[in-house]
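Reviewing the structure listed below.
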Amino acid sequence: MDGQCPERPHSRTPTGRMSSAVSQNSRISLTVSTSTKDSSCVKLPQDSARRDRWSHPTTILLHKSQSSQATLMPQEHGMFMAEAYSAATCFKMLQDMNSADPFHLKYIIKKIKNMAHGSPKMVMETIHDYFIDNPEISSRHKFRLFQALEMVIRASDVLEETWEKTFTRLALENMTKATELEDIYQDAASNVLVAICRHSWRAVVQYLETELLTGVFPHRSLLYVMGVLSSSEELFSQEDKACWEEQLIQMAIKSVPFLRTDVWSKELLWTLTTPSWTQQEQSPEKAFLFTYYGLILQAEKNGATVRRHLQALLETSHQWPKQREGMALTLGLAATHHLDDVWAVLDQFGRSRPIRWSLHSFSPKNSEDLHWKWASSTILLAYGQVAAKARAHILPWVDNIVSRMVFYFHYSSRSLYSRTTEALDLMLQSLIMQNPTAGELHFLLSHLYIWLASEKAHERQRAVHSCMILLKFLNHNGYLDPKENFKRIGQLVGILGMLCQDPDRATQRCSLEGASHLYQLLMRHKAGETLQAESQAPKELSQAHSDGTPLWNSRDQKATPLGPQEMAKNHIFQLCSSQVIKEIMQQLTLAELNDLIWTAIDGLGSTSLFRMQAASEMLLTAIQEHGAKLKIVSSIAQAIRLRLSSVHNPQAQEKTLHAITLLARNHTRELVATFLDISIPLDSHTFQLWRALGAEQPTSHLVLTMLLAWLQERPLPTGASDSSPCPKEKTYLRSLAAMNMLRELQFAREFKQAVQEAYPKLFLALLTQKHYVLELNPPGEPQPKQQAREAAMPSPQSCSTSLEALKRLLSTTGHWHDFAHLELQGSWELFATIHTYPKGVGLLARAMVHNHCRQITVVLRQLLPSLQSPEERDRKVAILILTEFLYSPALLEVLPKQAALTVLAQGLHDPSPEVRVLSLQGLSNILFHPDKGSLLRGQLRPFLDGFFQSSEQVILCIMGTVSDTLHRLGAQGAGSQSLSVAISARSFFNDERNRIRAAAMGLFGDLVAATADRELSGLRTQVHQSMVPLLLHLKDQCPAVATQAKFAFYRCAVLLRWRLLHTLFCTLAWERGLSARHFLWTCLMTRSQEEFSIHLSQALSHLHSHSRHIKTWAALFIGHTTCYHPQAVFQMLNAVDTNLLFCTFERLKSDPEPSIREFATGQLSFLQKVSARPKQ
4 MDGQCPERPH SRTPTGRMSS AVSQNSRISL TVSTSTKDSS CVKLPQDSAR
54 RDRWSHPTTI LLHKSQSSQA TLMPQEHGMF MAEAYSAATC FKMLQDMNSA
104 DPFHLKYIIK KIKNMAHGSP KMVMETIHDY FIDNPEISSR HKFRLFQALE
154 MVIRASDVLE ETWEKTFTRL ALENMTKATE LEDIYQDAAS NVLVAICRHS
204 WRAVVQYLET ELLTGVFPHR SLLYVMGVLS SSEELFSQED KACWEEQLIQ
254 MAIKSVPFLR TDVWSKELLW TLTTPSWTQQ EQSPEKAFLF TYYGLILQAE
304 KNGATVRRHL QALLETSHQW PKQREGMALT LGLAATHHLD DVWAVLDQFG
354 RSRPIRWSLH SFSPKNSEDL HWKWASSTIL LAYGQVAAKA RAHILPWVDN
404 IVSRMVFYFH YSSRSLYSRT TEALDLMLQS LIMQNPTAGE LHFLLSHLYI
454 WLASEKAHER QRAVHSCMIL LKFLNHNGYL DPKENFKRIG QLVGILGMLC
504 QDPDRATQRC SLEGASHLYQ LLMRHKAGET LQAESQAPKE LSQAHSDGTP
554 LWNSRDQKAT PLGPQEMAKN HIFQLCSSQV IKEIMQQLTL AELNDLIWTA
604 IDGLGSTSLF RMQAASEMLL TAIQEHGAKL KIVSSIAQAI RLRLSSVHNP
654 QAQEKTLHAI TLLARNHTRE LVATFLDISI PLDSHTFQLW RALGAEQPTS
704 HLVLTMLLAW LQERPLPTGA SDSSPCPKEK TYLRSLAAMN MLRELQFARE
754 FKQAVQEAYP KLFLALLTQK HYVLELNPPG EPQPKQQARE AAMPSPQSCS
804 TSLEALKRLL STTGHWHDFA HLELQGSWEL FATIHTYPKG VGLLARAMVH
854 NHCRQITVVL RQLLPSLQSP EERDRKVAIL ILTEFLYSPA LLEVLPKQAA
904 LTVLAQGLHD PSPEVRVLSL QGLSNILFHP DKGSLLRGQL RPFLDGFFQS
954 SEQVILCIMG TVSDTLHRLG AQGAGSQSLS VAISARSFFN DERNRIRAAA
1004 MGLFGDLVAA TADRELSGLR TQVHQSMVPL LLHLKDQCPA VATQAKFAFY
1054 RCAVLLRWRL LHTLFCTLAW ERGLSARHFL WTCLMTRSQE EFSIHLSQAL
1104 SHLHSHSRHI KTWAALFIGH TTCYHPQAVF QMLNAVDTNL LFCTFERLKS
1154 DPEPSIREFA TGQLSFLQKV SARPKQ
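Terminal number for the sequence shown in our numbering: 1179, no gaps in between.
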């Protein structure tokens, strides 16, 4: 500081500057002994040390006035004396640092560090006071004090603002001071500033920015601090690091005008090219300056200025590896905004005569030749940096850059290809020798990856050969540091593994050998062993042969192929490619294994068949061997989905899907969640993944369980007034996606058994889900905000409906009888609105009771807990089903009568009015009131008399009441009243009023459905006599009548125990045309002669119907019968019936339907021929 002392911060009186007026009793003499311990320090001049040794006493006297001591309490006095003792000890150690030998210095620094951990403020104050009290100490002493100060500041948790400013000034004053210690003195002062940055980097950077932007080229120490800040991983948090980088960019932008200042530019170039003490490691200031220079050029808008500076930079020395790397970095950063200009500069420099000449010469004769040889290496590195930094704009330039890189190391106009490949091999080995790190290996090999993936066989062969030679070289010479982890080695393993399946035999062999060498490298790295090369220092390409360092090239490979004895040294060379890759996988870390898997997934999208197949095999192997420990399963699954559409080879697709099956063994939950997110909408490739997910039975059950869990997560989406995203939105969408998947998976054979076993849970869940979907779409006009939100999100309908999933569940698990019950009545429409939903659920549960469903007991056990659910929809669905199940004898197997009464009584206190009403209705069930049956049966006769009222509405109401009464009678049935009900209902089948016909057929169908086997004898004739009328009314012009006719016809067939009931149901529900009519005719007319006569007579009677439509279908029925049984028909026809038939078929010859016209024409001709025959 040379006479200028910074202002002292407030502190207690330092021990070294106490008053000389002291009391005899207050003088304390402390002597601090020295010790000798080993330490490595810089060898410094000794004359200043000698001078300092005599300028300070070896004993420190502590002074304090008697009046001051008198005011202290004994405890406070003790504390003061302890602090004074510590300060004195620290002061003495700071003094001894000047004369201490390396061993003693190490001990002193350690002691000061320990004191700093306990009392950092005291140590900092003592160091500050020492600087103030001793302005004339030597540079060597100050150097050591700066080291101690840096250590103390780094050890402090908090640095007060006063000390921050004080030590910042101290550091700034000494950073630029010229001493006999040169750079190391300035660096020591600079390191103090760096240590302060740990506490307050923004304030320090503000000082630095001010100095940097003065227009005068900054001092080396300033660049040193900037370099340390840029490279340090400890000083900044992730957020601060981003702020620092942004501030650096802004500094570069402000520095752009300096490029046009000749003095500043020359100093910049001189600083960049001045040799350092050692060129093996890049100094922080140079590393920063290369980056900073690139950022300034990046910000410069004038392309000509950028070209001029880059040309000047390339004209400097290229001798040292770090220099070449720095130049390449500057060029790469400039290329971010000036790709054209950088390309032009590199192209011009590369075309210069010295460069081109050096590329043709493999034996440089002088230093000038070597200079240009090194320059070609700079160009290669520059192209790599350009590709890395300007990646967003590089795609149109890829071919040019690659061709240039190949040109510099493959081009030779005077040698054969073997010579050029030799040059490439030697170049790669030389570069790895210069920088023997795992990062450099990855960097070099990454330039070969584009060729390793080439569609041309010879390019793959050459690239993999060079890759193998480099791996072999490293395996035999052991340059790589075992302490440094490999980078992206999994990618290399993946590429070599795929090339082991290459159709070209030479590529196969090289890939396999390269993989084997890589395995040995990994094993050596894992064991921490390293083989020392003959020369410890990296050598240039031209020096490699002269000093005996073994370099491998293509000629070595051809001259000395890997023989049996050499291969026998390690078992890896005796294995096939798949086994080698498995062995390598065992040595990979989880991150490296992830890289391998990503490489394999990427290979699935290859247009090359062998690569696609090899990628699928490798993916399968990796997951088979290591799937359990993978962490990024979701990302892997999504990537496989994206690639699956490109996998057109059946074998490759099968293996890829099998990999998903294996992955699901340990990661089912993650895969289900991932696939749900990509299943809206569902496509065929995603569905394949779901099928693969459930290919193994235990997993298929687990998948179904998880889908049910997601289905039951039913949050209502955010309200229209809430514009912020809600965390429940994703759950809402996943619930709908789970509903969609449960629908689709019911048709997948992989999930058939799981769906069957989970039927009760699925049944209740899908019924409840339908209620949830209705809640999502309440009636009424949506508000504008709601409309906008609905437009941005998939509606429940777009995700497929839970009703469709419920239908599929019934039809695919053998419960088609229940499905038919609702399908033929058209009752599925009841599930369309929240108001009719309860009736739909009740009819479905009633169908299960009528069909004696074997799942009633299991469903009942499943729904009982739902009655206690906090969700109203769950309780509502459960009570709806329970009230219908009360009519089933199977209920008592699960729920005794008294328990059922208790459950229903509890429902009377439910918060939901609907649940309370349904519970009350359940309590009135005939199960609990057996005497109620005779009362209800007694009311049937008066109700039947009411059928003949004149009011249509009254008749409809009475028919509905009778139907409801039959239902409430349950298993007791209508008894002897069944026949009266049947006769009364049948009398209205041909009523002219549509609603009356429909109600009558509906009542007849309900009667038949509720009829037990013991009551069939009295109804059999009525049922037989109703079959043809019901069949004819299937074509009724009123849709409601046709629907009720279908259901009644089907229930009659069930009661009569017809065969092929499922086919009959499908025909009634969906079939049309002559084939359907023929099947229904066959069912009716081929059972017995008695039934044949009844049905034919019924058809003949309908020829006299007032309904033209019924008359037409009766004629068609008789005509169809005539085709198969003409004699029987004409035996029953009278003259009137025959004329009616002729007239009807004559009219049908003009029917709009072609098939009917054709049939009528044929029947008319046939009838005419038959009627002309003489009767026997």
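No residue lacks a Cβ here, since even glycine has one placed at the ideal position from N, Cα and C.
Bear in mind the structure is a predicted one, so any value in this text is a computation, not a measurement.
Short Cβ contact (8 Å threshold) for residue i with residue j
{"i": "L525", "j": "I587", "result": "yes"}
{"i": "H1036", "j": "F992", "result": "yes"}
{"i": "H704", "j": "A757", "result": "yes"}
{"i": "I130", "j": "L97", "result": "yes"}
{"i": "A903", "j": "I859", "result": "no"}
{"i": "T461", "j": "C513", "result": "It is His, not Thr, that sits at residue 461 in the sequence shown. The answer is no: Cβ separation not under 8 Å."}
{"i": "Q285", "j": "K325", "result": "yes"}
{"i": "S122", "j": "S159", "result": "no"}
{"i": "V636", "j": "H670", "result": "yes"}
{"i": "W1061", "j": "F1120", "result": "no"}
{"i": "V984", "j": "L947", "result": "yes"}
{"i": "A119", "j": "I111", "result": "no"}
{"i": "A1051", "j": "G1008", "result": "yes"}
{"i": "L1006", "j": "S954", "result": "no"}
{"i": "V852", "j": "I882", "result": "no"}
{"i": "L1077", "j": "T1115", "result": "no"}
{"i": "L846", "j": "S830", "result": "yes"}
{"i": "L298", "j": "A347", "result": "no"}
Beta carbon proximity, residue i to chain C, threshold 8 Å
{"i": "I635", "result": "Here there is only one protein chain, and chain C is not present."}
Classification of residue i by the beta-carbon crowding that lies within 10 angstroms, buried from 16 upward
{"i": "E505", "result": "The sequence given here has Asp at residue 505, not Glu. So D505 ends up on the buried side."}
{"i": "S557", "result": "Its pLDDT being 45, under 50, S557 is placed unreliably in this model, and the coordinates cannot settle the point."}
{"i": "G1165", "result": "exposed"}
{"i": "C8", "result": "For C8, the predicted model reports a pLDDT of 38, less than 50, meaning its position is unreliable and no value from the coordinates is stated."}
{"i": "N194", "result": "buried"}
{"i": "D821", "result": "buried"}
{"i": "C579", "result": "exposed"}
{"i": "D243", "result": "exposed"}
{"i": "F1162", "result": "buried"}
{"i": "H651", "result": "exposed"}
{"i": "D428", "result": "buried"}
{"i": "L938", "result": "exposed"}
{"i": "K490", "result": "buried"}
Cβ distance (whole Å) where residue i is taken to contact residue j below 8 Å
{"i": "A655", "j": "M615", "result": "5 Å"}
{"i": "K773", "j": "L806", "result": "5 Å"}
{"i": "T171", "j": "I199", "result": "6 Å"}
{"i": "L827", "j": "L1071", "result": "6 Å"}
{"i": "L765", "j": "L825", "result": "That pair is no contact at about 17 Å."}
{"i": "A977", "j": "L1033", "result": "About 20 Å separates the two Cβ atoms, so there is no contact after all."}
4 or more residues per run - each alpha helix (DSSP H) lying fully within the segment 866-936: 875-888, 894-897, 900-910 and 916-926
Could you name each continuous alpha helix (DSSP H) segment of 4 residues or more that falls completely within the segment 130-216, going from the start of the chain to the end? 142-158, 164-178 and 186-215
Enumerated in chain order, which unbroken segments of the beta strand (DSSP E) with a length of 3 residues or greater are wholly contained in the segment 953-987? none
What are the complete alpha helix (DSSP H) segments, minimum 4 residues, inside the segment 571-634? 580-590, 593-607 and 612-629
Ordered list of alpha helix (DSSP H) runs contained in the segment 651-720, each at least 4 residues: 653-680, 687-696 and 700-714
As an exercise, report each continuous alpha helix (DSSP H) stretch of at least 4 residues that is fully enclosed by the segment 1007-1076, in chain order. 1019-1035, 1042-1058 and 1064-1073
What are the start and end residues of each continuous beta strand (DSSP E) run of 3 or more residues lying completely inside the segment 474-518, in chain order? none
Suppose only complete runs of 4+ residues qualify. What are the alpha helix (DSSP H) ranges in the segment 257-337, listed by chain order? 265-276, 287-302 and 306-317
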